[in-house]
Amino acid sequence: MSEKEVLDILGKKVALGESAKVSFNVAKLHTQNTIDVPVIIERSKKPGPTVLITAGIHGDEVNGVEIVRQVISKGINKPKKGTIICVPVINAFGFVHMDRLFPDGRDLNRVFPGSKNGSLASRVAHKLMTEIVPHADLILDFHTGGADRFNSAHIRIVKGELVLDELAQVFGAPFIFYSKNLNKSFRNSCYKLGIPMLLFEGGKSFHIDNTITNTGVNGVKRVLHHLEMLNRKFKVSRPKKEVLKIDESKWVRAKYSGMFRPTINVNSKVEKGDVIGNITDPYGSFNHFVKAPNSGYVFNVNESPIIYQGDAIFHISTKLED
109 MSEKEVLDIL
119 GKKVALGESA
129 KVSFNVAKLH
139 TQNTIDVPVI
149 IERSKKPGPT
159 VLITAGIHGD
169 EVNGVEIVRQ
179 VISKGINKPK
189 KGTIICVPVI
199 NAFGFVHMDR
209 LFPDGRDLNR
219 VFPGSKNGSL
229 ASRVAHKLMT
239 EIVPHADLIL
249 DFHTGGADRF
259 NSAHIRIVKG
269 ELVLDELAQV
279 FGAPFIFYSK
289 NLNKSFRNSC
299 YKLGIPMLLF
309 EGGKSFHIDN
319 TITNTGVNGV
329 KRVLHHLEML
339 NRKFKVSRPK
349 KEVLKIDESK
359 WVRAKYSGMF
369 RPTINVNSKV
379 EKGDVIGNIT
389 DPYGSFNHFV
399 KAPNSGYVFN
409 VNESPIIYQG
419 DAIFHISTKL
429 ED
């Protein structure tokens, strides 16, 4: 068999038309127990692109894990041509404890491309970047908002990349958010390797939202259909609304500490001066109305009932791309 016909990944050789489940692990727990990270590989008999679908870089971002789980359980990951590699939970250590970070206290998404002899998180990043990522022609990476901060479903990409722009439009999330690649992030490391990545954000930590997961799964199907990889048995729906491109945005921060209640929903369009929430105290003596500082779309809402002065409570677009 030629090199293209055999995928050599994590010590396993997978030929065209074959399926495989291999383990991705780099270390043991302090109890000497291993935590295996399953890598699910599905290959068509017909050659084609290789798509890597990942989630769970942060252990508490369950919504992204659920999207990849559905992709696998529904058989969407069985391609008409090419190869689909799924890693539903990269940070299995954090997932077990519902913790964003690694046991060594590090944020996995801030240690890429990692080091063979570095910290636990750094070793995982290094193995991912050296043994899995180089096989990919495209990566779909699924994330979730932070604790209590609910993100609208959106795709994050850098501006000015025509391939990413096209694929983000095809994905069909409500928003495309142009943001710079963060130093030492998974996205930035893949960008430096020349491997395109769509980073999906949606929902909040410790929570599974059906609307968000449906958007993610439908987006995967649209991208695979665009690449002529989606099995014919799956139907592809068009996005319900036009995809909006957010070029610039602004966080609205709390001017006071207190009990917080947003009065608008994520995805809402607001006008400058609109009341979008209120901050009160437990004693009924104080009520501050939060007003939109500008017109735009709200694509993140803080759902925590208790906030402190300076907390980010809304994320609103300030400039849309044509």
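To convert, note that position 160 of the sequence shown is 268 in the working numbering; the numbers rise steadily by one, no gaps. Glycine included, each C-beta is placed from N, C-alpha and C at the ideal position.
I'd like to know whether the C-beta atoms of residue 309 and residue 264 end up nearer to each other than 8 Å. Taking a C-beta distance under 8 Å as the contact criterion, residue 309 and residue 264 qualify as a contact pair.
Can you pull the DSSP bridge partners for residue 259? Beta-bridge partners of residue 259 (DSSP): 311 and 408.
The ligand MN heavy atoms versus the CB of residue 407: any closer than 7 Å? This structure does not include the ligand MN; it has no bound ligands of any sort.
Relative to the C-alpha of residue 381, which candidate in 193, 262, 401 and 393 has its C-alpha closest? The candidate whose alpha carbon is nearest that of residue 381 is 401.
Can you tell me whether residue 248 is buried or exposed, with buried defined as 16 or more other CB within 10 angstroms of its CB? By the neighbour-count criterion, in which a residue is buried when 16 or more other Cβ atoms sit within 10 angstroms of its Cβ, residue 248 is buried.
When you compare the segment 207 to 217 with the segment 158 to 175, are there three or more beta-carbon pairs, one atom per stretch, that lie closer than 8 Å? Cβ pair count under 8 Å is three or more, so yes.
Does residue 394 pass the burial test, meaning 16 or more other C-beta atoms within 10 Å, or should it be called exposed? Looking at its Cβ environment, which holds fewer than 16 other Cβ atoms inside 10 Å, residue 394 is exposed.
Whole angstroms is fine: what's the gap from residue 301's alpha carbon to residue 194's? So the two alpha carbons sit approximately 20 Å from each other.
What does the alpha-carbon distance come out to for the pair residue 358 and residue 372? Straight-line spacing of the CA atoms in residue 358 and residue 372 works out to 17 Å.
Is there contact here, the segment 282 to 299 with the segment 234 to 253, by at least three beta-carbon pairs under 8 Å? With the rule of 3 Cβ pairs closer than 8 Å, the segment 282 to 299 counts as touching the segment 234 to 253.
Taking the beta strand (DSSP E) that residue 367 falls in, what are its first and last residues? Element bounds for residue 367: 366 to 370.
Bounding residues of the beta strand (DSSP E) (the contiguous stretch that carries residue 462): Here the chain covers residues 109 to 430 and nothing more, so residue 462 does not appear.
Provide the residue span of the beta strand (DSSP E) that contains residue 151, from first to last. In the DSSP assignment, residue 151 falls within the beta strand (DSSP E) that extends over 145 to 151.
If we ignore side chains and look at the alpha-carbon of each, how far apart do residue 109 and residue 356 end up? Summary for residue 109: the model assigns pLDDT 38, below 50, so the residue's position carries little reliability; its value from the coordinates is reported in the next sentence. Approximately 50 Å, taken between the alpha carbons.
Grab me the residues of residue 128's own chain with a C-beta within less than 6 Å of its C-beta, minus the 5 sequence neighbours each way, in chain order. Answer for residue 128: 120, 122 and 149, listed in chain order.
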